[in-house]
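Chains as they are written, first to last, in this note's numbering: chain X, 1 to 247; chain R, 1001 to 1247. For each residue, glycine too, the CB sits at the ideal point set by N, CA and C. See below for the structure under consideration.
Number of protein chains: 2
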Amino acid sequence: MTQADDPAAQDEAGPASLSRREAGKAERRARIIHAARELIRETGNAGLSMRVLAARAGVSLATPYNLFGSKRAIVLALLQDVRDFHDRFAHLRATDPLERIFTAVDIQIEIYLADPKLYKTMWAAVFDTSDDLRATLWNPRRDAFWRGLIAEAAEAGAVAAEISQDWLQRQLDHVFRCIMLDWVVGILPPDAVAPAARHGYALILKGACTPEWRGPLHARVLEGQARLETLQAVRAMPLRRGDGKSG
Amino acid sequence: MTQADDPAAQDEAGPASLSRREAGKAERRARIIHAARELIRETGNAGLSMRVLAARAGVSLATPYNLFGSKRAIVLALLQDVRDFHDRFAHLRATDPLERIFTAVDIQIEIYLADPKLYKTMWAAVFDTSDDLRATLWNPRRDAFWRGLIAEAAEAGAVAAEISQDWLQRQLDHVFRCIMLDWVVGILPPDAVAPAARHGYALILKGACTPEWRGPLHARVLEGQARLETLQAVRAMPLRRGDGKSG
DNA sequence: CTCGTTGCTGAAACTCGTTATAAGAATCTC
DNA sequence: GAGATTCTTATAACGAGTTTCAGCAACGAG
């Protein structure tokens, strides 16, 4: 749907300065990434074996290891170009600084849920504790983005001055990550992801806000609860199995 | 499938009621669990291979798979007997219903941090998304315990009536789990785990509490921040400076 | 005691991620 | 263009988790 095969999307600077050797490597890298995305989309998490990936990318088995280091690094490399998110967020104008935070969360979740096979695999790689690749994910840009949103909210007087913005962001991130994890393993159904995230964010932000913002945030908490309960009620309804897919 | 549902398999209190066959299985199970704990304590996460484990437990390689199903199931089985926690918590008397919640968190963290090798491995297994074993961890007892604490707090008028206790508990759990994850992968140093958890819990509970409890919870948020900043300051201090407690 | 069942053993095999190694091709340097 | 460097390729191998299967010992019931 997005730029699935866009090899030029990853080099941001000097295209002419690349030696031929480096250009070859970059092209092989792109082929591997492309093949990985395809394979994950086709067969899901389990379908991505390094041997199949190498064959699909038209390289030897050793090459992905030379260029990326490990399978997990390849999967995490897919996460890099989520700049789609920043584009979509840049187009957004909201006066309410807290509204901006909630919208950012929504956009992010929408992107992930639109391609479950791919992003479930990627988030599973995020929660992999085996090797030491967290620096890849702890993107400074991503961090800076959220910290900026919180700083804006603080400047607007929504977040209390004595609250540590760094730790506020971390706690929000905890909620987000665990909700993603629950989605990946199937505890949380897709349509509950956004409400659950909004509920958690509202709860934490309500704990960190100035008195005059308590009302709106409390309303958001209740709204999140209401949506979640509606979903659970629908799901608990047993016999209403009217999802006959014809064709 | 075969057995797979033997609720009190590890309980050695009732030997008479078990048939000899079941007793043998239970004893093998216990040996495997024991060997697993030993091996993890000795060599850490990576040192636990199924072949070594089987040899140490004095069983064949196939037996752990017969009795548990997978390596991950064995590691998660270690998590079952944290009844140590319930014992320690039962001895505790606190009038403040929120104080009880924070103390429960502290006790739990204390148990985990006291045996890092073992519990880092176990928590890593919790975050493993490969197979479908979440039911093992989503212990109904554990859930009921926390839900009970929150219900007590609600009865005492600390948690607002219109707040969903189920989702409040889930959001608290999100913070707890992600903090554990950050500890496992090394993002969060051991001495920051408890303050970070208290900070997150205070923030969320403050977002869910009744007006009269805002003050104490706000104080807890600030206290958590202060402890975290102290730790960061200590850590940022280069070591050539006299580290001793200069009076 | 006898027979059928249960389930462990031992060994082999399979898949997967990862590494090692030798050979050879492409690229850079002069 | 010749030599040196760098990287890919092909293939084998290792160790890991997991499965399979024949053989056999222990167990439960009659």
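Let me check understanding here. Comparing Cα to Cα, which of R/1182, R/1198, R/1201 and R/1127 lies closest to residue 187 of chain X?
For this step, residue 187 of chain X is matched to residue 187 along the first sequence. It is R/1127.
Residue 1092 of chain R vs residue 1071 of chain R beta-carbon contact at 9 Å:
In the second sequence, residue 1092 of chain R corresponds to position 92, counting from 1. In the second sequence, residue 1071 of chain R corresponds to position 71, counting from 1. No, the pair does not count as a contact, with Cβ atoms beyond the cut-off.
How far does the alpha helix (DSSP H) with residue 199 of chain X in it reach, from first residue to last?
As a working note, residue 199 of chain X is residue 199 in the first sequence. Counting along the chain, the alpha helix (DSSP H) containing residue 199 of chain X begins and ends at 190-208.
Contact check, residue 1171 of chain R vs residue 111 of chain X, beta carbons under 9 Å
The sequence position of residue 1171 of chain R within the second sequence is 171, counting from 1. The sequence position of residue 111 of chain X within the first sequence is 111, counting from 1. For residue 1171 of chain R and residue 111 of chain X, no; Cβs fall outside 9 Å.
The segment 188-195 of chain X in contact with the segment 150-167 of chain X per 3-pair CB rule at 8 Å:
No: fewer than three Cβ pairs fall under 8 Å.
Are the Cβ atoms of residue 159 of chain X and residue 95 of chain X separated by less than 9 Å?
Position 159 of the first sequence, counted from the first residue, corresponds to residue 159 of chain X. Position 95 of the first sequence, counted from the first residue, corresponds to residue 95 of chain X. No. Outside cutoff.
Which of the three DSSP states, helix, strand or coil, is assigned to residue 1159 of chain R?
For the purposes of this step, residue 1159 of chain R is taken as residue 159 along the second sequence, with counting starting at 1. DSSP places residue 1159 of chain R in strand when its eight states are reduced to three.
Rounding to the nearest angstrom, what Cα-Cα distance links residue 153 of chain X and residue 147 of chain X in this structure?
In the first sequence, counting from the first residue as 1, residue 153 of chain X sits at position 153. In the first sequence, counting from the first residue as 1, residue 147 of chain X sits at position 147. Answer to the nearest angstrom: the Cα atoms are 10 Å apart.
Spell out whether any CB of chain X is found under 9 Å from the CB atom of residue 1076 of chain R.
Here residue 1076 of chain R refers to the residue found at position 76 when the second sequence is read from its first residue. Taking Cβ atoms only, chain X never reaches closer than 9 Å to residue 1076 of chain R, which makes this a no.
Between the Cα of residue 103 of chain X and those of X/85, X/73 and X/207, spot the shortest distance and give me the residue it belongs to.
In the first sequence, residue 103 of chain X corresponds to position 103, counting from 1. The shortest Cα separation from residue 103 of chain X among X/85, X/73 and X/207 belongs to X/85.
Give every residue of the same chain whose Cβ lies closer than 8 Å to the Cβ of residue 1099 of chain R, excluding the five residues on either side of it in the sequence, and list them in chain order.
The residue you call residue 1099 of chain R lines up with position 99 of the second sequence. Here the set comprises nothing.
Taking only beta-carbon positions, decide if residue 229 of chain X is within less than 9 Å of chain R.
Locating residue 229 of chain X in the first sequence gives position 229, where the first residue counts as 1. Judged by the 9 Å Cβ criterion, residue 229 of chain X is in contact with chain R.
If you draw a straight line from the C-alpha of residue 231 of chain X to the C-alpha of residue 1038 of chain R, how long is it?
In the first sequence, counting from the first residue as 1, residue 231 of chain X sits at position 231. In the second sequence, counting from the first residue as 1, residue 1038 of chain R sits at position 38. CA-CA distance, residue 231 of chain X to residue 1038 of chain R, rounds to 45 Å.
DSSP state of residue 1026 of chain R mapped onto helix, strand, coil
Position 26 of the second sequence, counted from the start, is the residue given in the question as residue 1026 of chain R. The three-state reading of DSSP puts residue 1026 of chain R in helix, counting H, G and I together.
Checking 9 Å against the spacing of the C-beta atoms, do residue 1106 of chain R and residue 1031 of chain R come in under that value?
Position 106 of the second sequence, counted from the first residue, corresponds to residue 1106 of chain R. Position 31 of the second sequence, counted from the first residue, corresponds to residue 1031 of chain R. No, these two residues do not count as a Cβ contact at 9 Å.
In terms of residues, what are the limits of the alpha helix (DSSP H) holding residue 1169 of chain R?
Residue numbering aside, residue 1169 of chain R sits at position 169 when the second sequence is read from its first letter. In the DSSP assignment, residue 1169 of chain R falls within the unbroken alpha helix (DSSP H) covering 1165-1185.
So residue 1097 of chain R is in the alpha helix (DSSP H); what residue range does that whole segment cover?
Numbered from 1 along the second sequence, position 97 holds the residue referred to as residue 1097 of chain R. For residue 1097 of chain R, the enclosing alpha helix (DSSP H) has its first and last residue at 1097-1114.
Boundaries of the alpha helix (DSSP H) in which residue 64 of chain X is found, first to last residue
Along the first sequence, read from residue 1 onward, the residue named residue 64 of chain X stands at position 64. First-last of the alpha helix (DSSP H) with residue 64 of chain X: 62-67.
Relative to the alpha-carbon of residue 1217 of chain R, which residue among X/108, X/177, X/206 and X/234 has its alpha-carbon at the smallest distance?
Stepping through the second sequence from its first residue, residue 1217 of chain R is reached at position 217. By alpha-carbon distance to residue 1217 of chain R, the top candidate from X/108, X/177, X/206 and X/234 is X/206.
With a threshold of 8 Å on Cβ separation, who are the neighbours of residue 149 of chain X within its own chain once the five nearest residues in sequence on each side are excluded?
For the purposes of this step, residue 149 of chain X is identified with residue 149 of the first sequence, where counting begins at 1. For residue 149 of chain X, where only same-chain residues beyond five positions count, the Cβ hits under 8 Å are 97, 100, 101 and 104.
Here's a check: name, in chain order, each residue in its chain whose Cβ is nearer than 7 Å to the Cβ of residue 50 of chain X, leaving out the five neighbours to either side.
Translated into positions along the first sequence, residue 50 of chain X becomes position 50. Cβ neighbours of residue 50 of chain X beyond the five flanking positions: 61, 64 and 71.
Taking the continuous alpha helix (DSSP H) assigned at residue 1075 of chain R, which residues delimit it?
Reading the second sequence from its first residue, position 75 is the one you call residue 1075 of chain R. 1071-1078 is the extent of the alpha helix (DSSP H) around residue 1075 of chain R.
Which bits of chain X does residue 1040 of chain R rub up against, with CB to CB less than 8 Å?
In the second sequence, residue 1040 of chain R corresponds to position 40, counting from 1. Those within 8 Å of residue 1040 of chain R in chain X number zero; the least Cβ separation is about 14 Å.
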